[in-house]
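Asker:
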Amino acid sequence: MVDQSRSAPTIDDVAALAGVSRAVASRALSSEKRPVSAEKRERVLKAAAELGYRVNLLAQSLTTKTVNLIAVVVNHIHDLSDLDLFDLLLAEAQAIGKQVILIRVGSVDKVEEFLRQGVAYHVDAALVFSDFADAETVRKMFRSDQVVMLNGRHDRLSPAIIPDEAAGIEQAIADAARNGVKTAALVTGRASSLVEQARIASYVSGFAKHGIELVQTVQGDYSYQSGHTAAPAVVGFECPDAVFCTSDAMAMGILDVCREDFPNNRPTRFRLYGFDNLSLTDFDAYPISSIGYDKAAYVREMIRVVSDPMAFTPGDPPVVVPTRFVPRKTS
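Counting from 30, one number per residue, gives the positions in the sequence shown under the numbering used here.
1) By how many angstroms is the C-alpha of T212 removed from the C-alpha of I191?
2) Which residue spans inside the stretch 266 to 321 form an unbroken alpha helix (DSSP H) run of at least 4?
3) Straight-line CA distance for T93 to G344?
4) Whose C-alpha, out of R295, A205, S276, R185, is nearest the C-alpha of T342?
5) Answer with buried or exposed for L131, where buried requires no fewer than 16 other C-beta atoms within 10 angstroms of its C-beta.
6) Quick one: give me the first and last residue of the alpha helix (DSSP H) that I332 is part of.
7) Can you list, in chain order, the stretches of the alpha helix (DSSP H) that have 4 or more residues and sit fully within the stretch 151 to 209?
8) Report buried or exposed for Q175, applying the criterion of at least 16 other Cβ atoms within 10 angstroms of its Cβ.
9) Hey, out of R219, F299, L243, F266, whose CA is closest to T275's CA?
10) Rounded to whole angstroms, what's the CA-CA distance from A120 to T297? Just pull it up for me.
11) Excluding the 5 residues preceding and the 5 following S55 in the sequence, name in chain order all residues of the same chain whose CB lies nearer than 7 angstroms to its CB.
12) Report yes if the CB atom of S222 is closer than 7 angstroms to the CB atom of D160, and no otherwise.
13) Considering only residues of the same chain and omitting the five flanking positions on each side of T246, which have a CB-CB separation below 6 angstroms?
14) Quick one: using the 10 Å Cβ neighbour count with 16 as the cut-off for buried, is H183 buried or exposed?
15) By a C-beta neighbour count over all protein chains shown, 10 Å radius and 16 as the cutoff for buried, is I332 buried or exposed?
16) From R133 to A67, what does the alpha carbon distance come to, in whole angstroms?
17) For G181 and R168, what's the separation of their Cα atoms in angstroms?
18) Under three-state DSSP, which class holds I40?
19) Using CA atoms only, rank isn't needed, just tell me which of I99, C287, M170, K127 is closest to E142.
20) Where T352 and Y322 are concerned, what is the direct C-alpha to C-alpha distance, given to the nearest angstrom?
21) Name the two residues that bound the continuous alpha helix (DSSP H) containing V263.
22) Could you spell out the range, first to last residue, of the beta strand (DSSP E) harbouring V65?
23) Which residues bound the beta strand (DSSP E) around I132?
24) Hey, is the stretch 225 to 232 in contact with the stretch 195 to 205, meaning 3+ C-beta pairs nearer than 8 angstroms?
25) Just verifying my parser: in three-state terms, what is the DSSP assignment at R353?
26) Cutting at 8 angstroms between CB atoms, please list the residues of its own chain near V350, excluding the five before and the five after it.
27) Can you give me the start and stop residues for the alpha helix (DSSP H) that A230 sits inside?
28) Where do the N-terminal and C-terminal ends of the alpha helix (DSSP H) with A122 fall, by residue?
29) Would you call the stretch 234 to 242 in contact with the stretch 305 to 321, where contact means no fewer than 3 C-beta pairs closer than 8 angstroms?
30) With a cut-off of 8 angstroms on the beta carbons, I'd call V49 and K75 a contact; round off their distance for me.
31) How should D32 be labelled, buried or exposed, when 16 other C-beta atoms within 10 angstroms of its C-beta is the threshold for buried?
32) Between the C-alpha atoms of K358 and P292, what's the straight-line distance to the nearest angstrom?
33) When the Cα atoms are used, what is the spatial distance from A196 to V224?
34) When the distance is taken between beta carbons, is V96 closer than 7 angstroms to V157?
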C-alpha cells in the first residue's frame with residue numbers, strides 16, 4: 030500500500046505502485062541511458078504521473094555523478110545567427126534532460142580572469158563557441174575533459190565539430206562568376222576567430238579560381254550595425270560587381286543602406302551574398318543569397334557527443350557538417 034498521508038511522494042512510493050523494485054524505478058526515471066525494459070519503464074512513468082512524483086535532481090546527481098547542466102561558452106550573443114542556433118540547442122539539450130548555462134567569454138583577459146579567480150562550474154559538458162578559449166584552457170576552466178570545441182581551437186584530446194564552409198563558399202562564388210561578376214568586395218567578421226580566418230582564405234582562393242578580383246576588404250563584427258556602417262565605403266563611387274559578407278546580418282545592414290539599388294530586392298548595381306542562411310532570409314524583407322548548413326544536424330552532433338562522451342577516442346578527426354549555397358533574389 031502507498032502511504033497517502035505523505036505530502037510528497039517518494040521513489041519508494043512510485044516503485045510500490047508500479048510493482049517494481051526501487052532500483053528499477055530509479056533506472057526508469059533516470060535521464061541517463063540505464064537498462065530497464067520498456068514495459069517496466071512505462072509502468073514506472075505511469076505511477077510517477079499518478080502520484081505527482083518529481084525526480085530529485087540533487088539526489089540523482091550524487092548517484093550518477095552528473096548535474097544535468099551543459100555550459101555554452103560564447104563571445105557574446107548579438108549575432109542574429111545565434112538566435113537560430115541556440116533555440117535549437119536549448120530544445121535538444123532539454124530533450125535529453127539537460128539544462129544550459131551561458132558563459133560569456135569575450136576576450137583573452139576574461140579567460141585569464143576566470144582561471145585566476147578559480148571559479149569552477151560543475152557541468153556535465155561544455156560547448157565552446159568563443160574565439161578566446163583553446164581546448165586545454167577550457168578543460169582547466171571546468172576541471173573536466175568533457176569539452177566540445179566548435180571554434181577551431183581543438184586538440185587531439187577534445188572532440189570538435191566544424192562546418193565545411195569551403196564547399197558553400199565555392200558554390201556562391203561560382204554563381205557570381207556565372208552572372209558576370211569580375212570584381213568583388215568582402216566584408217569580414219572578427220579577425221581573432223580561427224574559423225573566420227579559414228573562411229576568408231576560402232573566399233580569397235575562390236575569387237582567384239574564378240578570375241574575380243578582390244578589390245576591397247572591410248572588417249566588421251558579424252553584426253547588422255557593422256554592415257550598415259561599412260556600406261558607404263564598400264559600394265561608394267567605385268562599386269564592385271558583388272559584395273560578399275561573412276554573415277547575413279552584415280549583408281542585411283548593407284541591403285538596408287542600398288535599398289534603391291535593389292528594386293523588388295533584385296540587384297541593379299551590385300550583387301549581394303551573405304553567410305549563415307538565417308531564417309529571416311526566407312522572407313521578402315531580406316531575401317539574401319546565403320551560405321548555410323543544416324543547423325539541426327549541427328546541434329544533433331553536439332548532443333550526440335554530450336550524450337555519449339565515450340564514443341570519442343583521442344585523436345579522432347573533427348566531425349564535419351557540410352555547407353551549401355542558397356540562391357535568393359539579391360544575387
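Ideal Cβ positions, reconstructed from N, Cα and C, are used throughout, including at glycine.
Answerer: Let me spell this out:
1) On the sequence shown, residue 191 is found 162 positions in, with the first residue counted as 1. On the sequence shown, residue 212 is found 183 positions in, with the first residue counted as 1. Here the C-alpha atom of I191 lies approximately 30 angstroms from the C-alpha atom of T212.
2) The stretch 266 to 321 contains these whole alpha helix (DSSP H) runs: 277 to 286.
3) For the purposes of this step, residue 93 is identified with residue 64 of the sequence shown, where counting begins at 1. For the purposes of this step, residue 344 is identified with residue 315 of the sequence shown, where counting begins at 1. Here the model assigns T93 a pLDDT of 48, short of 50, so the residue's position is not dependable, and the following value carries that caveat. Cα to Cα, T93 sits roughly 27 angstroms from G344.
4) For the purposes of this step, residue 342 is taken as the residue at position 313 of the sequence shown. Of the listed residues, the one whose Cα sits closest to T342 is R185.
5) Residue mapping note: residue 131 aligns to position 102 of the sequence shown, counting from 1. Here L131 is exposed, its C-beta having fewer than 16 other C-beta atoms within 10 Å.
6) Along the sequence shown, read from residue 1 onward, the residue named residue 332 stands at position 303. Its alpha helix (DSSP H) spans residues 324 to 336.
7) For the stretch 151 to 209, whole alpha helix (DSSP H) runs of length 4 or above, ordered along the chain, are 164 to 171, 194 to 207.
8) Locating residue 175 in the sequence shown gives position 146, where the first residue counts as 1. The residue in question, Q175, is buried, as its Cβ has 16 or more Cβ neighbours within 10 Å.
9) As a first step, residue 275 must be located in the sequence shown, where it is residue number 246. Nearest C-alpha to T275 among R219, F299, L243, F266: R219.
10) For the purposes of this step, residue 120 is taken as residue 91 along the sequence shown, with counting starting at 1. For the purposes of this step, residue 297 is taken as residue 268 along the sequence shown, with counting starting at 1. About 41 angstroms.
11) As a working note, residue 55 is residue 26 in the sequence shown. Within its own chain, the residues whose Cβ lies closer than 7 angstroms to the Cβ of S55, once the five positions on either side in sequence are excluded, are I40, listed in chain order.
12) Position 193 of the sequence shown holds residue 222. Position 131 of the sequence shown holds residue 160. Inclusion of S222 and D160 in the CB contact set at 7 angstroms is warranted, their separation being smaller than that value.
13) What you label residue 246 is simply residue 217 of the sequence shown in a count that begins at 1. Within the same chain, T246 has close Cβ partners L215.
14) For this step, residue 183 is matched to residue 154 along the sequence shown. That one is buried.
15) For the purposes of this step, residue 332 is identified with residue 303 of the sequence shown, where counting begins at 1. Classification for I332: buried.
16) The residue given as residue 133 occupies position 104 in the sequence shown. The residue given as residue 67 occupies position 38 in the sequence shown. Taking the straight line joining both Cα atoms gives about 41 angstroms.
17) The residue given as residue 181 occupies position 152 in the sequence shown. The residue given as residue 168 occupies position 139 in the sequence shown. Distance between the alpha carbons of G181 and R168: 15 angstroms.
18) The residue labelled residue 40 in the question sits at position 11 within the sequence shown. Note: I40 maps to helix in three-state DSSP.
19) For the purposes of this step, residue 142 is taken as the residue at position 113 of the sequence shown. Answer by Cα proximity: M170.
20) Translated into the one-based positions of the sequence shown, residue 352 becomes position 323. Translated into the one-based positions of the sequence shown, residue 322 becomes position 293. Taking the straight line from one Cα to the other gives about 4 angstroms.
21) Here residue 263 corresponds to residue number 234 of the sequence shown, with the count starting at 1. Element bounds for V263: 253 to 263.
22) Here residue 65 corresponds to residue number 36 of the sequence shown, with the count starting at 1. It is not in any beta strand (DSSP E) - V65 carries neither H nor E in the DSSP assignment.
23) On the sequence shown, position 103 is the one that residue 132 refers to. It spans 128 to 133 - the beta strand (DSSP E) in which I132 sits, taken as one unbroken run.
24) In short, these stretches touch, since the Cβ pair count reaches three.
25) Taking the sequence shown and counting its residues from 1, one reaches residue 353 at position 324. Residue state, collapsed to three classes: strand.
26) Locating residue 350 in the sequence shown gives position 321, counting from the first residue. So the qualifying residues of the chain are I190, I191, P192, D193, Y322, D323, A326, Y327, E330.
27) One-based indexing of the sequence shown puts residue 230 at position 201. From DSSP, the alpha helix (DSSP H) with A230 extends over 223 to 238.
28) Here residue 122 refers to the residue found at position 93 when the sequence shown is read from its first residue. It spans 109 to 124 - the alpha helix (DSSP H) in which A122 sits, taken as one unbroken run.
29) The way I'd put it, the stretch 234 to 242 doesn't touch the stretch 305 to 321; fewer than three beta-carbon pairs between them come closer than 8 angstroms.
30) Residue mapping note: residue 49 aligns to position 20 of the sequence shown, counting from 1. Residue mapping note: residue 75 aligns to position 46 of the sequence shown, counting from 1. About 11 angstroms separates the two Cβ atoms, so there is no contact after all.
31) In the sequence shown, the residue the question calls residue 32 occupies position 3. Caution applies to D32, whose pLDDT of 49 falls short of 50 and renders its modelled position unreliable; the value that the coordinates give is listed next. Counting Cβ neighbours within 10 Å, D32 comes out exposed, since fewer than 16 surround it.
32) Along the sequence shown, one-based indexing puts residue 358 at 329. Along the sequence shown, one-based indexing puts residue 292 at 263. Within the model, the alpha-carbon separation for K358 versus P292 is close to 10 angstroms.
33) Within the sequence shown, numbered from 1, the residue matching residue 196 stands at position 167. Within the sequence shown, numbered from 1, the residue matching residue 224 stands at position 195. If I take the Cα positions, the gap works out to 14 angstroms.
34) Walking along the sequence shown from the start, residue 157 turns up at place 128. Walking along the sequence shown from the start, residue 96 turns up at place 67. No. Outside cutoff.
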